[in-house]
Amino acid sequence: MPEVQSSDVKLEIGHVLFIDIVGYSKLLITDQSEQLQKLREIVRATEQFRLAEAEGKLLRLPTGDGGALVFRNNPEAPVLSAMEISKELKKYPELKVRMGIHSGPVNEITDLNEQANIAGAGINVAERVMDCGDAGHILLSQHVADDLEQYPQWRPYLHDLGTFEVKHGVRVNVANLYSDEIGNPQLPSKLQAVRKHRAHVRLAKIAVSLLVFAAIVGGVFFFLRRPVPSASAIIDKSIAVLPFENLSSDKENAYFTDGVQDEILTDLAKIADLKVISRTSVMQYKSGVARNLRKIGEELGVAHVVEGSVQRAANKVRVNAQLLDARTDAHLWAQTYDRDLADVFAIQSEIAKAIADQLQA
Numbered sequence: 052m053p054e055v056q057s058s059d060v061k062l063e064i065g066h067v068l069f070i071d072i073v074g075y076s077k078l079l080i081t082d083q084s085e086q087l088q089k090l091r092e093i094v095r096a097t098e099q100f101r102l103a104e105a106e107g108k109l110l111r112l113p114t115g116d117g118g119a120l121v122f123r124n125n126p127e128a129p130v131l132s133a134m135e136i137s138k139e140l141k142k143y144p145e146l147k148v149r150m151g152i153h154s155g156p157v158n159e160i161t162d163l164n165e166q167a168n169i170a171g172a173g174i175n176v177a178e179r180v181m182d183c184g185d186a187g188h189i190l191l192s193q194h195v196a197d198d199l200e201q202y203p204q205w206r207p208y209l210h211d212l213g214t215f216e217v218k219h220g221v222r223v224n225v226a227n228l229y230s231d232e233i234g235n236p237q238l239p240s241k242l243q244a245v246r247k248h249r250a251h252v253r254l255a256k257i258a259v260s261l262l263v264f265a266a267i268v269g270g271v272f273f274f275l276r277r278p279v280p281s282a283s284a285i286i287d288k289s290i291a292v293l294p295f296e297n298l299s300s301d302k303e304n305a306y307f308t309d310g311v312q313d314e315i316l317t318d319l320a321k322i323a324d325l326k327v328i329s330r331t332s333v334m335q336y337k338s339g340v341a342r343n344l345r346k347i348g349e350e351l352g353v354a355h356v357v358e359g360s361v362q363r364a365a366n367k368v369r370v371n372a373q374l375l376d377a378r379t380d381a382h383l384w385a386q387t388y389d390r391d392l393a394d395v396f397a398i399q400s401e402i403a404k405a406i407a408d409q410l411q412a
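The opening residue of the sequence shown carries number 52 in this note's numbering; numbering runs sequentially from there.
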């Protein structure tokens, strides 16, 4: 399990808009400078950029062919900013830009040049989401799409694209944001390639099915008498990390709470012999109604569930977590952590390790 080496890490949730110019490295040097300057002017002219900068709630991370904007005021800010940028880019067809958006943990660091910089999962995921798209695309992580889906005015803009495999074998769920005026409604080329491959695989499976059809017909009687697998077929080393409850009064802490759940799930997913259900599958259980853990376990096909709560006050945080057997409702482990906010990464790692120890994974 990863360990946090420094107690000076200050965790916060950043709402990240990652932008780059498509095909930048193939441009002439003069064209590179001109396009980058024009993009910079368009970005700085957006209302969301000016508002966040005036409030001191904006961080900028240049990347050479674009950059990342980290809004610290409003989860809708990067989405609204991307829409403004996309609309303005219609006037400059030679400027081909793609954008990716994600809300996640970020922290300020000092780089090798002793300059202030920013890093964290929020930045990394936003860049991976952006990399899935082509020129004109505004792509959202599933986390952001799920949050916007709660508001009727956003639903017409959201179009689920499914799962992409990005760098280092990481899989991300992505949604496309577009309308008649902004964004790119076309399927990203990477997704087209994946679907084409799946179509070929599907045809091959059909061909194989036809070849063995005669054998299947001959064995109909045998297959009709086969017993149906029971719930006992669920493997013991399987787990779902349910959405943690936000006990803080500040609405913004809901994103912090989601971040804690995400990190615990990510740490558990690194264990080779442990089946971990994805965040997308467990988000349906986020509502505050009472949970029927046995039913949830059956629906997700897992033997164990983790649930908990997060409460944040000033620079202190309390995390409650418990591991339960979904088949019997039995408590297997529970712990409360009262720490400084800077130690939240260590708490997440400790919870994941304790759960792994309980399951002997």
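Built from N, CA and C at the ideal position, the CB exists for glycine as well.
Asked: Identity of the residue in Ser-137, Glu-349, Lys-302, Asn-124 nearest Ile-286 by Cα; Found: Glu-349
Asked: Beta-carbon proximity check, Asn-158 vs Leu-62, cutoff 8 angstroms; Found: yes
Asked: Residue burial classification, Gly-65 (beta-carbon count within 10 angstroms, cutoff 16); Found: buried
Asked: Cβ pair count under 8 angstroms reaching 3, the stretch 126–146 against the stretch 222–234; Found: yes
Asked: Environment of Tyr-202 [buried if 16+ CB atoms lie within 10 Å]; Found: exposed
Asked: Cut-off 6 angstroms between Cβ atoms - residues of its own chain near Glu-139, not counting five sequence neighbours on either side; Found: Ile-93
Asked: Nearest to Ser-400 (by Cα), restricted to the options Ala-377, Thr-114, Val-370, Leu-375; Found: Val-370
Asked: Classification of Asn-297 by the beta-carbon crowding that lies within 10 angstroms, buried from 16 upward; Found: buried
Asked: Within 8 angstroms, strictly: CB atoms of Leu-415 and Val-327; Found: Because residue 415 is not part of the residues shown, which for the chain are 52 to 412, the question remains open.
Asked: Beta carbon of Val-357 nearer than 8 angstroms to that of Ile-398; Found: no
Asked: 6 angstroms Cβ shell around Gly-187 - same chain, five flanking residues per side excluded; Found: Asn-235
Asked: CB contact flag (Pro-294, Lys-346, <8 angstroms); Found: no
Asked: Residue environment, Ala-323, which counts as buried when at least 16 other CB atoms sit within 10 Å; Found: exposed
Asked: Enclosing alpha helix (DSSP H) for Ser-137 [first to last residue]; Found: 128–140
Asked: Nonlocal neighbours in the same chain, by C-beta distance under 7 angstroms from Val-279, ignoring five residues either side; Found: At Val-279 the pLDDT is 42, less than 50, meaning the model places this residue with poor confidence; the figure from the coordinates comes in the next sentence. Nothing listed; no residue qualifies.
Asked: Inside the stretch 288–376 only - beta strand (DSSP E) runs reaching at least 3 residues; Found: 289–292, 355–364, 367–376
Asked: With 16 other Cβ atoms within 10 Å as the buried cut-off, status of Gly-359; Found: buried
Asked: Limits of the beta strand (DSSP E) - the one that Gln-386 falls within; Found: 381–391
Asked: Opposing strand residues paired with Asp-211 [DSSP bridges]; Found: Ala-226
Asked: For Val-73, the three-state DSSP class (helix, strand or coil); Found: coil
Asked: Endpoints, alpha helix (DSSP H) assigned at Glu-401; Found: 395–410
Asked: Neighbourhood of Asp-182 by C-beta, 8 angstroms cutoff - its chain only, sequence neighbours within 5 removed; Found: Gly-151, Val-217, Lys-218
Asked: Three-pair Cβ contact test at 8 angstroms for the stretch 91–111 versus the stretch 122–129; Found: yes
Asked: Beta-carbon proximity list for Gly-310, same chain, < 7 angstroms, skipping 5 on both sides; Found: Ile-64, Gly-155, Pro-156
Asked: Run of the alpha helix (DSSP H) containing Arg-46, from where it starts to where it stops; Found: Here the chain has residues from 52 to 412 only, and residue 46 is not among them.
Asked: Span separating the alpha-carbon of Val-395 from that of Leu-79; Found: 46 angstroms
Asked: First and last residue of the uninterrupted alpha helix (DSSP H) at His-153; Found: Careful: His-153 lies outside any alpha helix (DSSP H), inside the beta strand (DSSP E) at 148–161.
Asked: Beta carbon of Ala-226 nearer than 8 angstroms to that of Leu-212; Found: yes
Asked: Inter-residue spacing [alpha-carbon to alpha-carbon] between Pro-373 and Gln-386; Found: First, the amino acid is wrong: residue 373 is Gln here, not Pro. Straight-line Cα distance between these residues: approximately 6 angstroms.
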